[in-house]
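Down below is the structure, laid out as structure tokens.
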Amino acid sequence: NAPLVIVVLSLWLLYRRSNRLRALPLQTGPGWLILASLFGGLAIFCWAVYTSAFDLQVFSLVLLAVAIVSGYWGWPGVRAVWLPVAFLLLAVPLPAPLLLSVIFKLQIWTAQYTGWMLDLLGLPAMVSGDQILRTSRAFQVIEGCSGMRSIQILTLLSVLLVDLFQRRGLHAGILIVCAPFVAFALNGLRVLTLILNP
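Its first residue numbered 209, the sequence shown is counted upward by one per residue in the working numbering.
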């Protein structure tokens with residue numbers, strides 16, 4: 209929802225790797241990689257402008273960045289900046305049908321999870337789709353309570369913190385994989401508090 213924020217964070221990640229890039233000797237990468245990235249990026253940019261699909265410009269930016277880095281520092285440079293370049297892909301929004309499908313599933317799962325927590329607390333509740341029915345009130349898990357935004361933000365932050373604290377390997381993988389589940393669980397607790405104190 210905020211591609212400019214992603215671009216700024218990607219530039220910050222690139223800045224953190226600037227010393228590593230400056231330490232690399234200048235060398236030209238494989239010609240096929242430079243040409244393919246350059247012409248691919250230009251073609252996607254022209255197509256994005258022609259069709260007014262400006263989200264595609266992110267792919268163009270990624271390919272052009274690979275071409276520039278490969279032209280100056282070769283494969284070592286591409287390996288040094290792969291995270292900032294790949295991070296740019298987070299600026300591409302999910303297609304609307306896929307996004308709505310994911311949000312709807314999250315609404316259902318959040319309602320079921322919250323109903324389960326109400327049962328644990330001994331509070332009578334019945335879950336029907338995205339609705340939680342209690343004796344006095346009915347609550348609906350709307351899109352804003354689905355947890356999608358929490359999952360996106362916490363996953364994004366986990367990638368940034370893994371890089372900031374220089375976690376590697378299994379530790380980094382566990383942190384990034386667990387982030388969506390932690391965000392979903394915390395969002396369920398938020399929905400539970402809204403039900404208990406509407």
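In this text, a Cβ means the ideal position worked out from N, Cα and C, and glycines have one as well.
Delimiting residues of the alpha helix (DSSP H) encompassing residue i
{"i": "phenylalanine 392", "result": "377-404"}
{"i": "phenylalanine 295", "result": "290-295"}
{"i": "valine 257", "result": "239-259"}
{"i": "arginine 228", "result": "226-231"}
Reduced DSSP category for residue i - H, G, I as helix; E, B as strand; rest coil
{"i": "valine 349", "result": "coil"}
{"i": "valine 216", "result": "helix"}
{"i": "leucine 329", "result": "coil"}
{"i": "valine 266", "result": "helix"}
{"i": "serine 309", "result": "helix"}
{"i": "valine 300", "result": "coil"}
{"i": "glutamine 320", "result": "helix"}
{"i": "serine 278", "result": "helix"}
{"i": "leucine 222", "result": "helix"}
{"i": "leucine 234", "result": "coil"}
Beta carbon of residue i nearer than 8 Å to that of residue j
{"i": "glycine 282", "j": "threonine 236", "result": "yes"}
{"i": "leucine 383", "j": "serine 366", "result": "yes"}
{"i": "valine 349", "j": "glutamine 315", "result": "yes"}
{"i": "serine 354", "j": "phenylalanine 295", "result": "no"}
{"i": "alanine 368", "j": "valine 390", "result": "Note on identity: in this sequence residue 368 is leucine, with alanine being the wrong assignment. No, they are not a contact pair."}
{"i": "leucine 222", "j": "tyrosine 280", "result": "no"}
{"i": "valine 293", "j": "arginine 225", "result": "no"}
{"i": "leucine 364", "j": "leucine 298", "result": "yes"}
{"i": "tryptophan 255", "j": "leucine 264", "result": "yes"}
{"i": "isoleucine 252", "j": "serine 268", "result": "yes"}
{"i": "valine 335", "j": "glutamine 320", "result": "yes"}
{"i": "glycine 396", "j": "threonine 318", "result": "yes"}
Spatial distance of residue i from residue j (CA atoms)
{"i": "phenylalanine 347", "j": "aspartate 371", "result": "40 Å"}
{"i": "leucine 400", "j": "threonine 322", "result": "6 Å"}
{"i": "proline 238", "j": "isoleucine 276", "result": "12 Å"}
{"i": "isoleucine 214", "j": "glutamine 360", "result": "12 Å"}
{"i": "leucine 394", "j": "serine 260", "result": "38 Å"}
{"i": "valine 216", "j": "phenylalanine 262", "result": "18 Å"}
{"i": "valine 266", "j": "methionine 356", "result": "22 Å"}
{"i": "leucine 402", "j": "glycine 330", "result": "17 Å"}
Span of the beta strand (DSSP E) around residue i
{"i": "glutamine 339", "result": "339-341"}
{"i": "valine 370", "result": "First-last for valine 370: 356-372, but that is the alpha helix (DSSP H), not the beta strand (DSSP E)."}
{"i": "serine 336", "result": "334-336"}
Checklist line | Inter-stretch contact at 8 Å, needing at least 3 Cβ pairs: the segment 318-326 / the segment 336-354 | finding: Touching, per the Cβ criterion.
Margin query: So, does the segment 261-273 touch the segment 241-248, judging by three or more C-beta pairs under 8 Å?
Written below: Taking 8 Å as the limit for Cβ pairs, the verdict is that the segment 241-248 does touch the segment 261-273.
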